[in-house]
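Residues in the sequence shown are numbered from 501 upward in steps of one, following the numbering used here.
Virtual Cβ for every residue (Gly too), placed ideally from N, Cα, C.
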Amino acid sequence: MAESPFAPHGQYRVFWCGDVLYSELVGTFNEEAIVRYLDEMKTMASDRKTRWGRMADMRRWDGGTPGAAALFKGFADWIKTTQCKVSVQLLPDSFRLAIAAQTAQKLNTNHLYQVTNPQEALQVFADYQIATSALATTLQVPAPQ
501 MAESPFAPHG
511 QYRVFWCGDV
521 LYSELVGTFN
531 EEAIVRYLDE
541 MKTMASDRKT
551 RWGRMADMRR
561 WDGGTPGAAA
571 LFKGFADWIK
581 TTQCKVSVQL
591 LPDSFRLAIA
601 AQTAQKLNTN
611 HLYQVTNPQE
621 ALQVFADYQI
631 ATSALATTLQ
641 VPAPQ
């Protein structure tokens, strides 16, 4: 990708919560920030040889620039080559869920769930036999029984 004249905007943090690669997205993202975010997730997951899940906590996400979908297409193709068994997007409301769902439909992703409740997110991971205790602690909710 050619060097951009624009500074990245949109904040994120990415870290492992047990077997879940957790990311939190805050604000509105331009393409430069999305590239950094996706590259960081790829770097963190590239050596993972056992099954894992991915969680995008998008409760404070405000959307992205129009070029975002094309960038996520490459990531969606890459993640299919890993041991990631399920991805969950946690959104704050049905409005943002609808926006994210449009993008997800274009990406033709497998095993992507979009929810508006942290308990639902934990249950999806539990259904895929991905441990949730560390993630429950991060989300500050009880783990599913």
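Name the residue from K585, H509, P592 whose alpha carbon lies nearest to the alpha carbon of Q629.
Working through the sequence shown from its first residue, we reach residue 629 at position 129. Answer by Cα proximity: K585.
In chain order, what residues of the same chain have a beta carbon less than 6 Å from the beta carbon of R551, not counting five sequence neighbours either side?
As a first step, residue 551 must be located in the sequence shown, where it is residue number 51. Leaving aside the five residues that flank R551 on each side, the residues in its chain whose CB is nearer than 6 Å to its CB run, in chain order, Q583, K585.
Residue span of the beta strand (DSSP E) that contains D557, given as start and end
What you label residue 557 is simply residue 57 of the sequence shown in a count that begins at 1. Start and end: 552 to 564.
Per DSSP, the bridge partner or partners of G527
For this step, residue 527 is matched to residue 27 along the sequence shown. Note: G527 sits in a beta bridge opposite W561.
Give the C-beta separation of G563 and I599 to the nearest angstrom, bearing in mind that I take them to be a contact with Cβ-Cβ under 8 Å.
Sequence index remark: in the sequence shown, residue 563 carries index 63 (1-based). Sequence index remark: in the sequence shown, residue 599 carries index 99 (1-based). Going by Cβ atoms, the distance from G563 to I599 rounds to 7 Å, so yes, they are a contact pair.
Considering just the uninterrupted stretch of the beta strand (DSSP E) at S587, what are its terminal residues?
Residue numbering aside, residue 587 sits at position 87 when the sequence shown is read from its first letter. First-last of the beta strand (DSSP E) with S587: 584 to 590.
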